[in-house]
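Sequential numbering from 0 applies to the sequence shown in numbering that gives the first Met the number 0. Glycine included, each C-beta is placed from N, C-alpha and C at the ideal position. Please read these numbers as outputs of a predicted model, since none were measured by experiment. The structure appears right after this line, and notes come after that.
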Amino acid sequence: MGQLDALEITVLAEDSVPYESRLSGQHGISYLVEAFKNGHKVNVLVDVGQNPQGLLHNMEQLKVDPASIDMVVLTHCHYDHTKGLAAVLSRIGKDNVPVVAHPSLFRLNFVTRPYLMHVGVMNGDQPDEVVKNGGRLFLVSEPLELMEGLITSGEIERTTDFEEVGIPLYTLANGRIEADQMKDDLALIANVAGKGLVIVSGCSHAGIVNICRQAIKLTGVEKIEGILGGFHLVGSGPERISKTASALEDLRPAWIAAGHCTGFEAEVVLKNVLNDRFHHLSSGNVYTV
0 MGQLDALEIT
10 VLAEDSVPYE
20 SRLSGQHGIS
30 YLVEAFKNGH
40 KVNVLVDVGQ
50 NPQGLLHNME
60 QLKVDPASID
70 MVVLTHCHYD
80 HTKGLAAVLS
90 RIGKDNVPVV
100 AHPSLFRLNF
110 VTRPYLMHVG
120 VMNGDQPDEV
130 VKNGGRLFLV
140 SEPLELMEGL
150 ITSGEIERTT
160 DFEEVGIPLY
170 TLANGRIEAD
180 QMKDDLALIA
190 NVAGKGLVIV
200 SGCSHAGIVN
210 ICRQAIKLTG
220 VEKIEGILGG
230 FHLVGSGPER
240 ISKTASALED
250 LRPAWIAAGH
260 CTGFEAEVVL
270 KNVLNDRFHH
280 LSSGNVYTV
């Protein structure tokens with residue numbers, strides 16, 4: 000895998016906001032990933048949260064012009080990462096904007112607790128609306144190079160014995176109900192010269208440790224500079240949280256930034272294990288590598 004010269008990640012939307020901030024919080028996540036290589040800069044919008052008005056407000060506050068977005072990566076199907084995609088593409092205002100996601104992104108994905116509810120991509124953001132508003136769908140299950148030094152993970156190999164999807168999710172296949180293992184869960188992987196890997200996750204339904212292991216396997220790079228995203232440990236028991244924190248510490252990242260669906264208990268454990276290397280993810284945070 001090639002290397003980027005530099006990388007900057009801005010959290011455009013997340014569940015929390017800094018003290019006395021003018022930014023809006025929402026249950027969801029969205030990042031601007033700015034990748035630099037040989038004088039070229041590529042702006043990647045990773046996920047769009049679930050409130051396009053809130054996202055666009057934060058972009059305005061953070062002085063991010065929607066028209067500067069070159070491509071979109073969707074980490075998985077859930078509404079809190081995909082809702083308003085068509086509206087955001089409309090504001091980007093370009094034709095053939097690559098929208099990279101897994102081929103199963105638009106499937107029915109639902110829960111039955113507290114009641115039957117679809118939680119995947121919503122009406123208004125289906126493929127025809129994406130294309131109508133300027134998107135060009137790249138639906139691929141394999142890793143995809145976005146530029147030299149920046150790739151998507153493709154489907155994540157599940158290798159740990161303590162990680163699972165996180166919540167009971169279902170889909171339909173030939174009229175029958177099946178447990179949904181979230182095969183569409185993917186991450187963005189950057190390899191930065193002199194630093195190592197930066198791994199950007201949405202909700203880590205595949206397991207954040209599995210995601211990191213896949214990043215190392217794909218790139219051949221063992222040094223991890225940073226890991227950020229939602230780790231979907233909210234509601235998890237102490238054993239899984241402890242094993243996750245221990246496995247992440249074994250990877251020896253320079254820093255970890257977690258929030259969204261990670262959960263307070265898990266963040267406390269991660270902070271105790273990683274000390275100053277752990278950061279709480281929040282709207283407006285900027286990570287420069």
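Exposure of residue i, with buried meaning 16 or more beta-carbon neighbours within 10 Å
i, result
"L115", "exposed"
"Q347", "Nothing can be reported for residue 347, as the shown portion of the chain is limited to 0 through 288."
"G174", "exposed"
"I207", "buried"
"N209", "buried"
"D14", "buried"
"A244", "buried"
"T261", "buried"
"D160", "exposed"
"Y78", "buried"
"A66", "exposed"
"K201", "The sequence as given places Gly at residue 201; Lys does not occur at that position. Classification for G201: buried."
"G95", "Note that residue 95 is Asn in the sequence shown, not Gly. The residue in question, N95, is exposed, as its Cβ has fewer than 16 Cβ neighbours within 10 Å."
"E33", "buried"
"G193", "exposed"
"N271", "exposed"
"G165", "buried"
Proximity to residue i [Cα-Cα], best of the options
i, options, result
"N274", "E248, E147, A192", "E248"
"Q60", "P142, L11, V129", "L11"
"V203", "A5, Y286, H259", "The displayed chain sequence assigns Ser, not Val, to residue 203. Ranking A5, Y286, H259 by Cα distance to S203 puts H259 first."
"L196", "Y18, P167, G219, G123", "G219"
"K93", "N271, D64, N190, S20", "D64"
"P167", "M181, E238, K82, E156", "M181"
"D179", "V41, M58, G119", "G119"
"R21", "T111, H279, L55", "L55"
"C211", "P17, E162, S241, G234", "E162"
"P97", "G234, K62, V87, L136", "L136"
"V110", "L269, T158, I176", "I176"
"M0", "N57, V41, I215, H39", "I215"
CB contact flag (residue i, residue j, <9 Å)
i, j, result
"A147", "K36", "Reading off the sequence, residue 147 comes out as Glu, not Ala. Against a cut-off of 9 Å, the Cβ pair of K36 and E147 comes out as a contact."
"L149", "A189", "yes"
"G123", "I91", "no"
"Q213", "S282", "no"
"L44", "I68", "yes"
"N108", "Y169", "yes"
"G53", "S23", "yes"
"V129", "A85", "yes"
"K82", "P113", "no"
"H278", "A246", "no"
"I155", "A205", "yes"
"Q2", "V191", "yes"
Distance between beta carbons of residue j and residue i, contact taken as under 8 Å
i, j, result
"D46", "H80", "4 Å"
Q. For the segment 73–86 against the segment 167–185, are there 3 or more C-beta pairs whose distance is under 8 Å?
A. yes
(Q) If contact is defined by three or more beta carbon pairs under 8 Å, each pair taking one atom from either stretch, is the segment 130–142 in contact with the segment 85–105? (A) yes
Q.
Tell me whether the segment 213–229 and the segment 238–254 touch, counting them as touching only if at least three CB pairs, one residue from each stretch, are closer than 8 Å.
A. yes
Q: Specify whether the segment 6–22 and the segment 274–287 touch according to this definition: at least 3 beta carbon pairs, one from each stretch, less than 8 Å apart.
A: yes
(Q) Measuring CB atoms only, is the segment 228–235 touching the segment 257–271, in the sense that at least three cross pairs come out at less than 8 Å? (A) yes
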